[in-house]
Amino acid sequence: MKKGSLLVEALVTLIIIVFAFGVAFVPSWSLLRKTKENSELISLEELLLNKCEELTYLNVSSIVPQENYEEYNGVKYKVSISKKNIESSDIFTLTSDSTFITFPEITIVTVRVETEDGKYIETQVVPQQW
1334 MKKGSLLVEA
1344 LVTLIIIVFA
1354 FGVAFVPSWS
1364 LLRKTKENSE
1374 LISLEELLLN
1384 KCEELTYLNV
1394 SSIVPQENYE
1404 EYNGVKYKVS
1414 ISKKNIESSD
1424 IFTLTSDSTF
1434 ITFPEITIVT
1444 VRVETEDGKY
1454 IETQVVPQQW
């Protein structure tokens, strides 16, 4: 009888140890997954910042709306650039009634960086207008 109870105690101890390891590894796995997602997001942000820096100093007439694929840190990303014109009179209103004021169009460039699995980050840039 004593050998059977020793076997049961050993099995119960083994089960407790396995559950302890399982409880310890679940938060670690979640933390590792979040760390990997954040590192992918940082790569997206770096590529987006580089593209926006290039576009900020270009003349607006030389920016062409396009979609292309770029490789950054060994990963392929889809970079989309689009332009949108906005009337500056829509942004603010004048209090005086002057007809001599002209309202130029402001061109806003939207830059979107997308991964192959559909995650993306985008921003808007106002390049040099004249």
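Residue numbers (my numbering): 1334 to 1463. C-beta: ideal position from N, C-alpha, C; glycine also. Predicted model only: the values in this text are computed from it and were never measured.
**Asked** Counting along the chain, where does the beta strand (DSSP E) carrying E1404 start and finish?
**Response** Q1399 to Y1405
**Message:** What would DSSP say about V1459, mapped onto helix, strand or coil?
**Reply:** coil
**Item:** Run of the beta strand (DSSP E) containing I1396, from where it starts to where it stops
**Value:** Counting along the chain, I1396 falls outside any beta strand (DSSP E), and DSSP gives it neither H nor E.
**Status (buried if at least 16 other CB within 10 Å, exposed otherwise) for L1380** = buried
**Asked** Among all the DSSP beta bridges, which residues are the ones paired with N1418?
**Response** Beta bridge pairing from DSSP links N1418 with T1440.
**Straight-line Cα distance separating L1340 from L1347** = C-alpha separation (whole angstroms): 10 Å.
**Asked** Under a Cβ-count criterion, where at least 16 other Cβ atoms within 10 Å of its own Cβ denotes burial, should Y1410 be classed as buried or exposed?
**Response** buried
**Prompt:** When the distance is taken between beta carbons, is V1408 closer than 8 Å to S1376?
**Reply:** yes
**Where K1369 falls: helix, strand or coil (DSSP)** = helix
**Prompt:** Between I1441 and V1459, which are expected to be in contact by the criterion C-beta below 8 Å, what is the C-beta distance as a whole number of angstroms?
**Reply:** 6 Å
**Asked** Who pairs with N1392 in a beta bridge, going by DSSP?
**Response** Q1461
**Request:** Would you decide whether K1416 is buried or exposed? Buried here means 16 or more other CB atoms lie within 10 Å of its CB.
**Result:** exposed
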